[in-house]
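The structure appears right after this line, and notes come after that.
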Amino acid sequence: MLTFTIRRLLFAIPTLLFIALVIFLLLELAPGDPMANVPLTVPSEVKEQMRVALGLGEPMHIRFWKWIIQFFWIEPLNVFDALFGTGFAEGKLRIISWQNRAPVFIAIAERIPQTLWVVGTAYVVAILIAIPVGIYSAYRQYSIFDQAGTFVTMVGFSVPPFFSGVLVILIFAVQLRWFPSIYDTTLEVNSWEAFGMQVRQMFLPVMVLALQITSQLSRFMRASMLDNLNQDYVRTARAKGLRENTVVLVHVLRNSMIPVVTVIALGVPSIFGGAIITEQVFKVNGIGQLLITAIQANDLPMVQTLTFIFAVLIVLFNLIADVLYGMLDPRIRYD
Amino acid sequence: MTEHDARAPGTAIGSEFGTVAASAPVAGAEPILMTRARSQWWDVWDQFSSHKGALAGAAVFLAIVLMVVIGPMIWPLDPTETDIRSRNQGISLVHPLGTDQLGRDIFARVMQGGRISLAVGLTAMALSLVLGTLIGVMAGYFRRLDGPLMRFTDLFLALPLLPLLLVMVLLFREPLTAAFGIETGIFILIVSAIGITSWMQTARIVRGDVLALKEREFVLAARATGTPSRRIVTRHVLPNILSPIMVSATLGIATAIITESALSFLGLGFPPDFPTWGRLLNDGVSYLELYPGRAFWPGLAISLVVLSINYVGDGLRDALDPRIRGR
Numbered sequence: 001m002l003t004f005t006i007r008r009l010l011f012a013i014p015t016l017l018f019i020a021l022v023i024f025l026l027l028e029l030a031p032g033d034p035m036a037n038v039p040l041t042v043p044s045e046v047k048e049q050m051r052v053a054l055g056l057g058e059p060m061h062i063r064f065w066k067w068i069i070q071f072f073w074i075e076p077l078n079v080f081d082a083l084f085g086t087g088f089a090e091g092k093l094r095i096i097s098w099q100n101r102a103p104v105f106i107a108i109a110e111r112i113p114q115t116l117w118v119v120g121t122a123y124v125v126a127i128l129i130a131i132p133v134g135i136y137s138a139y140r141q142y143s144i145f146d147q148a149g150t151f152v153t154m155v156g157f158s159v160p161p162f163f164s165g166v167l168v169i170l171i172f173a174v175q176l177r178w179f180p181s182i183y184d185t186t187l188e189v190n191s192w193e194a195f196g197m198q199v200r201q202m203f204l205p206v207m208v209l210a211l212q213i214t215s216q217l218s219r220f221m222r223a224s225m226l227d228n229l230n231q232d233y234v235r236t237a238r239a240k241g242l243r244e245n246t247v248v249l250v251h252v253l254r255n256s257m258i259p260v261v262t263v264i265a266l267g268v269p270s271i272f273g274g275a276i277i278t279e280q281v282f283k284v285n286g287i288g289q290l291l292i293t294a295i296q297a298n299d300l301p302m303v304q305t306l307t308f309i310f311a312v313l314i315v316l317f318n319l320i321a322d323v324l325y326g327m328l329d330p331r332i333r334y335d
Numbered sequence: 001m002t003e004h005d006a007r008a009p010g011t012a013i014g015s016e017f018g019t020v021a022a023s024a025p026v027a028g029a030e031p032i033l034m035t036r037a038r039s040q041w042w043d044v045w046d047q048f049s050s051h052k053g054a055l056a057g058a059a060v061f062l063a064i065v066l067m068v069v070i071g072p073m074i075w076p077l078d079p080t081e082t083d084i085r086s087r088n089q090g091i092s093l094v095h096p097l098g099t100d101q102l103g104r105d106i107f108a109r110v111m112q113g114g115r116i117s118l119a120v121g122l123t124a125m126a127l128s129l130v131l132g133t134l135i136g137v138m139a140g141y142f143r144r145l146d147g148p149l150m151r152f153t154d155l156f157l158a159l160p161l162l163p164l165l166l167v168m169v170l171l172f173r174e175p176l177t178a179a180f181g182i183e184t185g186i187f188i189l190i191v192s193a194i195g196i197t198s199w200m201q202t203a204r205i206v207r208g209d210v211l212a213l214k215e216r217e218f219v220l221a222a223r224a225t226g227t228p229s230r231r232i233v234t235r236h237v238l239p240n241i242l243s244p245i246m247v248s249a250t251l252g253i254a255t256a257i258i259t260e261s262a263l264s265f266l267g268l269g270f271p272p273d274f275p276t277w278g279r280l281l282n283d284g285v286s287y288l289e290l291y292p293g294r295a296f297w298p299g300l301a302i303s304l305v306v307l308s309i310n311y312v313g314d315g316l317r318d319a320l321d322p323r324i325r326g327r
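Protein sequences appear in the order of chains A and B. At position 163 of the first sequence (counting the first as 1) the number is 163 in UniProt numbering, and the numbers step up by one without a gap. At position 14 of the second sequence (counting the first as 1) the number is 14 in UniProt numbering, and the numbers step up by one without a gap.
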């Protein structure tokens, strides 16, 4: 198991380097000078500083190397400094945003909590709904509940978040006026009243995200349960005289959860991607919205770094899913 | 000689053209053979039509396609014609879905937008299918290419697709519009961006099927008669992997339409003069409180198309799977 994990970890390094190279080359080979988009109002010394930070004028591979160093060494050093009050990173050039001329990671650190709150809550809610629905649909296959569930998941699968978001705003915010349609990030949770506000403003974005995740997960859960319900060990368990609850919820469920757990882990990064749209609909100022505004402002360092962060998330959760799969199912340890 | 032999070993789907063609002259002389004329596609159709959702989905999809293709030719109002005096109107006989803030007819705009959205969906699907099939067949058929190509696919699967799509649109929009004009330039950009980022699932499925197929006797027989690899692939392998390719084609249209709409919705797709469903939805969101219909209709169109395609894909998967068919 340990060698398997280490091997997967080692494979993650070239993957990440390849993705970094793709992102870098995409921005590099794009026609036009990246500095041409910087407004004329930017003072010339700042422009010069930006040129140095980008390493413009140096050969491409050196600039790529510098960016990698900044991302993997200088920025983590800054985090370390901020945590322990040390000064390892002093005087080292960080990745500078072209929009606000501050280090990119400061802006990202400000935005990440909002994204994590909304996405995290949606994911937990979705898992809590999807698993029981999947179990019951499989247990009573072709019942009315199963048919209705299949239809709802098909709809949840097909309606894109930018339409379901608009729909729930229309119904719950415009018509019924139960929930606010815009996420107010200046709200500080310091009283029960403010907490209630926070819950209410999170309700709609969480609902939209959760609907999508639930429909994917519950279909998967149902299929996985159906695979296991007809196995021999289930008949054995029933023949031993175990109660039906124990058979389904202990024996079948535990075996069915193996693929589902990995799907849950694999889904996390794509949820961050999907949150880009949901954040845009509800005006949540998370990292998805940061990416959109950076793209609109032609802020290439910010775009580059954020895209790469999404890639790191994907590779990381792929790794977690692989390792989890090996841990949960001893049959598939690859070594 | 190889041409004739290559046709003889019965391939699952490709064979029916061969047998029908061969039995046609005989069928006239001997009426017994008439019963054999029923081709495999009829079985597929029987299974497909027993899936109610798939049938309804196909009907809805065809209706939308017909409306979008023929609609703008019959409908008297032009989608870009502004009429300030009749702006922001509600539902009426002249304007079945009302008008927007410039007095443009929303029904005409939704139909026109559907043309672009469906065209993008179909073309992007075709591109990703060609790429996916090419890479999948190469990886499955040539053992030496399998490792590198599959690692390549894995790397592509690890890319953050939506952010990358946004970046691609940001960077290549202006040079391409300068080179091909606004409409063609953006069309080429969006179609190729979606196609390049969505071939991986097809490639994986195709590779798996080709790997299994390669070991079958008829491929061995074809090889034994000296058929070159290129012809084995086109005559024996490709017809047999048609069903997974068709299923991923249907699902590919759905994802391509969603992706295009998402890009347009985020303001990085087609420019405002070219209404696509995502663009119309995005424009409508600003008027959500006063005129909810403006965002509702294009959104409903996207959802209906995707839902019907998903049902068709579901039905096709069952219909094309011989293990399920006939049960």
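Each residue gets a CB set at the ideal place from its N, CA and C atoms; glycine is no exception.
| field | Proximal chain A residues relative to residue 299(B), where beta-carbon distance stays under 9 Å | value | Scanning chain A for C-beta atoms nearer than 9 Å to the C-beta of residue 299(B) yields 159, 160, 162, 163, 164, 166, 167, reported in chain order.
| field | Where residue 132(A) falls: helix, strand or coil (DSSP) | value | In the structure shown, the three-state DSSP call for residue 132(A) is helix.
| field | chain A contacts from the stretch 299-314 of chain B (Cβ-Cβ distance under 9 Å) | value | So the close ones are 299, 300, 302, 303, 304, 305, 306, 307, 308, 309, 310, 311, 314.
| Would a C-beta distance cut-off of 9 Å place residue 258(B) and residue 14(A) closer than the cut-off? | Cβ distance not < 9 Å, so residue 258(B) and residue 14(A) don't count as in contact.
| said: I'd like to know if residue 168(B) contacts chain D, where contact means its C-beta is closer than 9 Å to some C-beta of that chain. | reply: Within the model displayed, chain D is absent; protein chains A and B are what it includes.
| task | List the endpoints of the continuous alpha helix (DSSP H) containing residue 190(A). | result | Per DSSP, residue 190(A) belongs to no alpha helix (DSSP H) and is neither H nor E.
| said: Run through chain B and tell me which residues come within less than 8 Å of residue 311(A), C-beta to C-beta. | reply: Per Cβ cutoff of 8 Å: 158, 159, 160.
| query | Is there at least one Cβ from chain B nearer than 9 Å to residue 286(A)'s Cβ? | reply | With 9 Å as the cut-off, residue 286(A) does not count as an interface residue toward chain B.
| said: With H, G and I counted as helix, E and B as strand and the rest as coil, what does DSSP make of residue 299(A)? | reply: Coil.
| Considering only the beta carbon of each residue, do residue 277(A) and residue 165(B) sit closer than 9 Å? | No, the pair does not count as a contact, with Cβ atoms beyond the cut-off.
| task | Return helix, strand or coil for residue 209(B), following the three-state DSSP convention. | result | Residue 209(B): helix per DSSP, three-state reduction.
| task | Going by CA-CA distance only, name the one from 121(A), 108(A), 167(A) that's closest to residue 303(B). | result | That would be 167(A), whose Cα lies nearest to the Cα of residue 303(B).
| request: Report the rounded CA-to-CA distance for residue 176(A) versus residue 203(A), giving the unit in angstroms. | output: Approximately 14 Å, taken between the alpha carbons.
| Where residue 47(B) and residue 64(A) are concerned, what is the direct C-alpha to C-alpha distance, given to the nearest angstrom? | Across the structure, residue 47(B) and residue 64(A) are spaced so that their CA atoms are roughly 55 Å apart.
| Near-chain A residues of the stretch 278-297 of chain B - C-beta to any C-beta below 9 Å | Taking 9 Å as the Cβ-Cβ cut-off against chain A, the residues of the stretch 278-297 of chain B that qualify are 278, 281, 282, 284, 285, 288, 289, 292, 295, 296.
| message | Whole angstroms are fine: how far does the CA of residue 308(A) sit from the CA of residue 173(B)? | response | Rounded to whole angstroms, the gap between the alpha carbons of residue 173(B) and residue 308(A) is 21 Å.
| Can you tell me the Cα-Cα spacing of residue 118(B) and residue 19(A), whole angstroms? | Residue 118(B) and residue 19(A): Cα-Cα distance of roughly 31 Å.
| task | Run down chain B in chain order and give the residues with a C-beta less than 9 Å from the C-beta of residue 273(A). | result | By Cβ distance, chain B contributes 160, 161, 162, 163.
| At what residues does the alpha helix (DSSP H) containing residue 148(A) begin and finish? | Going by DSSP, residue 148(A) is part of the alpha helix (DSSP H) stretching over 144-158.
| said: For residue 255(B), count the other beta carbons within 10 Å of its own beta carbon; 16 or more makes it buried, fewer makes it exposed. Which is it? | reply: Classified as buried, residue 255(B) has 16 or more neighbouring CB atoms from the shown chains inside 10 Å of its CB.
| Counting only beta-carbon atoms, is residue 142(B) nearer than 9 Å to chain A? | Answer no: the Cβ-Cβ gap between residue 142(B) and chain A never drops below 9 Å.
| message | Quick check on DSSP: helix, strand or coil for residue 95(A)? | response | Note: residue 95(A) maps to coil in three-state DSSP.
| residue 227(A) in three-state terms, based on DSSP | Note: residue 227(A) maps to helix in three-state DSSP.
| request: Using a Cβ cut-off of 9 Å (strictly closer), state whether residue 292(A) contacts chain B. | output: Under the Cβ criterion of 9 Å, residue 292(A) is counted among the residues facing chain B.
| query | Could you give the uninterrupted runs of the beta strand (DSSP E) lying entirely in the stretch 104-164 of chain B, keeping only those of 3 residues or more? | reply | Entirely contained in the stretch 104-164 of chain B, not one beta strand (DSSP E) run reaches 3 residues.
| query | Bridge partners of residue 99(B), per DSSP? | reply | According to DSSP, residue 99(B) bridges with 105(B).
| query | For the alpha helix (DSSP H) that residue 61(A) lies in, which residues bound it at each end? | reply | 60-69 is the span of the alpha helix (DSSP H), which, as asked, contains residue 61(A).
| said: Mapping the DSSP letters down to three states, classify residue 205(A) as helix, strand or coil. | reply: Three-state DSSP puts residue 205(A) in a helix.
| task | Provide the residue(s) that pair with residue 161(A) in DSSP beta bridges, ordered along the chain. | result | According to DSSP, residue 161(A) bridges with nothing at all.
| field | residue 317(B) and residue 247(B) closer than 9 Å at C-beta | value | For the 9 Å CB-CB criterion, residue 317(B) and residue 247(B) form a contact.
| query | Tell me the DSSP bridge mates of residue 103(A)? | reply | In the DSSP assignment, residue 103(A) forms a beta bridge with 96(A).
| query | Should residue 191(A) be labelled buried (16 or more other beta-carbon atoms within 10 Å of its own) or exposed? | reply | It is exposed - the Cβ of residue 191(A) has fewer than 16 other Cβ atoms within 10 Å.
| With a Cβ-Cβ cutoff of 9 Å, do residue 214(A) and residue 153(A) count as a contact? | Closer than 9 Å, so yes.
| query | residue 104(B) and residue 76(B): beta carbons closer than 9 Å? | reply | Cβ distance not < 9 Å, so residue 104(B) and residue 76(B) don't count as in contact.
| field | Span separating the alpha-carbon of residue 123(A) from that of residue 219(A) | value | Spanning the two alpha carbons is a distance of roughly 16 Å.
| What is the C-beta distance between residue 123(B) and residue 191(B), in whole angstroms, given that I count them as a contact (C-beta under 8 Å)? | The pair is a contact, with the Cβ atoms about 5 Å apart (cut-off 8 Å).
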